[in-house]
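Chemist: Residue numbers (the working numbering): 692 to 926.
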Ligand code: APR
Ligand code: ZN
């Protein structure tokens, strides 16, 4: 049936693991201004506020457990006879904790630290601060290795070439409001792929998908994975 599946996940897949989404009623962007905590200008203006925002998210993510949706995608990656490319907008490590391999974190990770001075990357300590020293150049220009608004997402060449050659694209738990991720469905459609949205409610781009299933990720993702594996085993 399908030979190459590209999956894009967003904050909705981690919601049932206790991690906040961004645009839901109690979401992160209801509590913080994006321009203060998720832009280079915000970091330049008040680095301690930004470090505190990500230190709090890093601490919360460290306590979170993967849910049935993360586990189902890990099972798909290990059992599906074709190729499964897992792209996430999330900066938590719940896909890896569920057993997923080679996760493409297009918005970076809370687990990573980046030196704004020499571009060195290293595993982030639980708390980053303006006194954190870069192990490479000893400067105090350490920042979370997370892609902020106005910055270029990671792995884009790889992601776009996978979208051009996939025959199934599935978006899970994302509101479809942030590009370039929100445009991935169009690239998949242009490649002739089937496109499915799995979400709690219709996203901003739901009309651009061939199919959609609505519900909590921990329920609808395992059901969809079981169907896909069953279909493939009957081929
Ligand atoms: N199961 C499935 N979907 C859910 C659940 C759930 N339990 N809970 C919420 N959702 C859905 C919401 O309906 C919404 O459509 O998940 C989506 C979350 O949307 P956002 O909060 O906008 O998160 P996301 O799409 O990942 O944001 C994209 O925006 O701020 C930037 O860098 C940030 O990576 C983030 C990007
Ligand atoms: Zn450095």
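Heads up, the beta-carbon is just placed ideally off N, CA and C, and yes, glycines get one too.
1. Please state if the CB of residue 811 and the CB of residue 791 are separated by a distance shorter than 9 Å.
2. Rounded to a whole number of angstroms, what is the C-alpha to C-alpha distance between residue 881 and residue 890?
3. Would you call the region 787-803 and the region 765-777 in contact, with 3 or more CB pairs under 8 Å?
4. In three-state terms, what does DSSP make of residue 713?
5. If I follow the unbroken alpha helix (DSSP H) through residue 863, where does it start and stop?
6. Anyone know if the C-beta pair for residue 730 and residue 862 falls short of 9 Å?
7. Ends of the alpha helix (DSSP H) at residue 913?
8. Residue ranges of each alpha helix (DSSP H) run of no fewer than 4 residues wholly in the region 761-838, ordered along the chain?
9. For the alpha helix (DSSP H) holding residue 850, just list the boundary residues, first then last.
10. Report all residues from its chain with a CB closer than 7 Å to the CB of residue 757; omit the five preceding and five following residues, and keep chain order.
Modeler: If we stick to the structure as given:
1. no
2. 22 Å
3. yes
4. coil
5. Premise fails: residue 863 lies in the beta strand (DSSP E), 859-863, not in any alpha helix (DSSP H).
6. no
7. 908-925
8. 785-788
9. 847-855
10. 708, 785, 788, 789
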